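Colleague: Would you mind keeping the following structure in view while I ask a few things?
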Amino acid sequence: MANRSQQELTYTEVPLPIPILDLRAQYATYKSEALRAISEICDSQSFALGPAVAAFEEQIRTYLECKYAVGVSSGTDALLVSLMALNIKPGDEVITTPFSFFSTASSIVRLGAKPVFVDVDQDSYNIDANQIEQRITEKTLAIIPVHLFGQAAQMKPIMEMAQRHSLFVIEDAAQAIGAVQDGTKCGSFGEFGCFSFYPTKNLGGFGDGGLVTTNNEELAEKVKILRNHGQNPTYFYKMIGGNFRLDGIQGAVLNVKLRYLDQWNERRRQNAALYDEYFTDSLIKPPKIDPNNFSIYHQYTITAPERDRLQKFLSENKIGSAIFYPKPLHLQECFSYLGYKEGDLAVAERLCKEVLSLPIYPELTPGQIEYIAQKVFEFYR
Ligand SMILES: *Cc1c(COP(=O)(O)O)cnc(C)c1O
């Protein structure tokens, strides 16, 4: 592919500023449908679960090609209720990645279990499957791989290992709705898939929301009971759950937005391909996608020398960017009791100093991408 960085680029009418994410541009495209769906919920006054949530669960179950989909209150609660359904308890160990959003690990700790962090692979940013086995002990009960930035973790070796050691696998697919690996959609590899509908995710609600997927009937039933306090039948409690219900309004809006998800994901992929073309043979490293993976580019995350100065320069040129994540989980203050120190998980620690996510949202124009690439080159010149 030709290296477009050599060309002198000119642009006349690039809309500025370019935020890291522009949800308002997208809202304009489905506004009337969403307002109608919300209005129906208001007319029915069916705000907690209800028929709109049931309809959404059926639609998304089909979309994700899994047997059961249970709407819950957030991605965080999806992780928590999954761990609860697997009876994770104090003393148990759960292996996961240090390079993720906080709740991947906090959900483990909330049940009194211990997160065991395994370093990541520098190309995919995902947990390094080769390093998992050496951290398995007799206390290990589960693995939580995260499909970070929209690209699946290496599920083949992870599932083989889990089978060999009789471990549960909970996929944190909060950033990977619609992502595929070897023909399987994310969320269908392990016992559970956990999704988030936080407004900035690829499929975002009008507030918080989440989803648990599974192909196991018994586990699906258990999550359904746990999300509503553990009651079954009403006011009779066999187990202690929580209030993890998905709102009716979220179900209605998500059902509208789900119809657009594939085209939005496709636009993100096209944007990523354009960036890739500009960044070939440049100083910055574009994200590397494994040939077996279909990424939905929740983020377009580069690694860049002098990252902080680059971010400031982009900001001065009206370009938004973000650092996911500035500090790895194993070095967070709240986890200091786990005893990790700097240097323990060197790849994750280095990535925290080098990564920068650039705007990748579907409504971005080719001209805006060209402008961003040009400003990146200008910074290093
Ligand atoms: C967003 C996110 C979560 C949490 O989802 P919420 O809906 O915000 O609770 C968990 N894990 C990852 C990787 C996420 O990106």
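Take the sequence shown: its position 353, counting from 1, is numbered 1230 in my numbering, and each next residue is one higher. In this text, a Cβ means the ideal position worked out from N, Cα and C, and glycines have one as well. From a predicted model like this one, the values you see are computed outputs, not experimental measurements.
1) Just to confirm my understanding: we take Met878, look at its own chain, exclude 5 residues before and 5 after, and list those with CB closer than 7 Å. What are they?
2) Less than 7 Å separating the Cβ of Gly1064 from some heavy atom of ligand 1?
3) On a CA-only basis, which of Ile965, Ala1053, Arg1227 is nearest Asp1000? Give me that one, please.
4) Compute the Euclidean distance between the alpha carbons of Ala929 and Ala955, then round it to the nearest angstrom.
5) So the candidates are Leu1241, Gly1128, Lys1189; which of them puts its Cα closest to the Cα of Phe933?
6) Taking the CB atoms as reference points, tell me whether Glu970 and Thr939 lie closer together than 8 Å.
7) Identify every run of the beta strand (DSSP E) within the region 1041 to 1069, keeping only runs that are complete inside it and at least 3 residues long; order them along the chain.
8) May I ask you to list the residues that DSSP assigns as paired with Cys1071?
9) Could you give the distance in angstroms between the alpha-carbon of Gly1107 and the alpha-carbon of Ile1117?
10) Looking only at DSSP bridge pairs, what is Phe994 linked to?
11) Indicate, with yes or no, if ligand 1 has a heavy atom lying under 7 Å from the CB of Phe978.
12) Starting from the Cα of Phe1256, find the closest Cα among Pro1243, Tyr1202, Arg1184 and give me that residue.
13) Please determine whether the Cβ atom of Ala1029 lies at a distance below 7 Å from any heavy atom of ligand 1.
14) Can at least three beta-carbon pairs, one atom from the region 1023 to 1041 and one from the region 974 to 988, be found at a separation below 8 Å?
15) Can you give, in chain order, each stretch of the alpha helix (DSSP H) that sits fully within the region 1175 to 1242 and has at least 4 residues?
16) Measuring from the CB of Gly1084, is there a heavy atom of ligand 1 at a distance below 7 Å?
17) Where Leu1191 and Ile965 are concerned, what is the direct C-alpha to C-alpha distance, given to the nearest angstrom?
18) Is Ile1249 buried or exposed, if buried means 16 or more other CB atoms sit within 10 Å of its CB?
19) Under the criterion of a Cβ to heavy atom distance below 7 Å, does Asp1124 qualify as lining ligand 1?
20) Tell me whether Tyr1257, by its Cβ, gets closer than 7 Å to a heavy atom of ligand 1.
Modeller: So, from the listed chains and residues:
1) Within the sequence shown, residue 878 is the residue found at index 1, counting from 1. Confidence is the limiting factor: at Met878 the pLDDT is only 39, short of 50, which leaves the residue's position unreliable, though a coordinate-based value still follows. Cβ within range, chain order: Glu1154, Thr1157.
2) Numbered from its first residue, the sequence shown carries residue 1064 at position 187. No, Cβ of Gly1064 sits at least 7 Å from all heavy atoms of ligand 1.
3) Start at 1 with the first residue of the sequence shown, and residue 1000 comes out as number 123. The shortest C-alpha separation from Asp1000 is found at Arg1227.
4) The residue you call residue 929 lines up with position 52 of the sequence shown. The residue you call residue 955 lines up with position 78 of the sequence shown. Rounded to the nearest whole angstrom, the C-alpha separation of Ala929 and Ala955 is 19 Å.
5) Residue numbering aside, residue 933 sits at position 56 when the sequence shown is read from its first letter. Checked all of Leu1241, Gly1128, Lys1189; the closest Cα to Phe933 is Gly1128.
6) Locating residue 970 in the sequence shown gives position 93, where the first residue counts as 1. Locating residue 939 in the sequence shown gives position 62, where the first residue counts as 1. Contact: no.
7) 1045 to 1049
8) Here residue 1071 is taken as the residue at index 194 of the sequence shown, counted from 1. In the DSSP assignment, Cys1071 forms a beta bridge with Asp1049, Val1089.
9) Taking the first residue of the sequence shown as 1, we reach residue 1107 at position 230. Taking the first residue of the sequence shown as 1, we reach residue 1117 at position 240. Rounded to the nearest angstrom, the two C-alpha atoms are 5 Å apart.
10) Here residue 994 refers to the residue found at position 117 when the sequence shown is read from its first residue. According to the DSSP secondary-structure assignment, Phe994 is paired through a beta bridge with Thr973.
11) Here residue 978 refers to the residue found at position 101 when the sequence shown is read from its first residue. Phe978: yes, Cβ under 7 Å from ligand 1.
12) If you number the sequence shown from 1, residue 1256 lands on position 379. The shortest CA-to-CA distance from Phe1256 to any of Pro1243, Tyr1202, Arg1184 is the one to Arg1184.
13) Taking the first residue of the sequence shown as 1, we reach residue 1029 at position 152. Not under cutoff, so the answer is no.
14) Because the criterion of three Cβ pairs below 8 Å is met, the region 1023 to 1041 and the region 974 to 988 touch.
15) 1184 to 1193, 1223 to 1231
16) Here residue 1084 corresponds to residue number 207 of the sequence shown, with the count starting at 1. No, since every heavy atom of ligand 1 falls outside the 7 Å radius drawn around the Cβ of Gly1084.
17) Residue numbering aside, residue 1191 sits at position 314 when the sequence shown is read from its first letter. Residue numbering aside, residue 965 sits at position 88 when the sequence shown is read from its first letter. Whole-angstrom Cα-Cα distance: 44 Å.
18) Sequence index remark: in the sequence shown, residue 1249 carries index 372 (1-based). Answer is buried; the Cβ neighbour count reaches 16.
19) As a position in the sequence shown, residue 1124 is number 247, starting the count at 1. Every heavy atom of ligand 1 is 7 Å or more from the Cβ of Asp1124, so no.
20) The residue labelled residue 1257 in the question sits at position 380 within the sequence shown. Outside the cutoff, so no.
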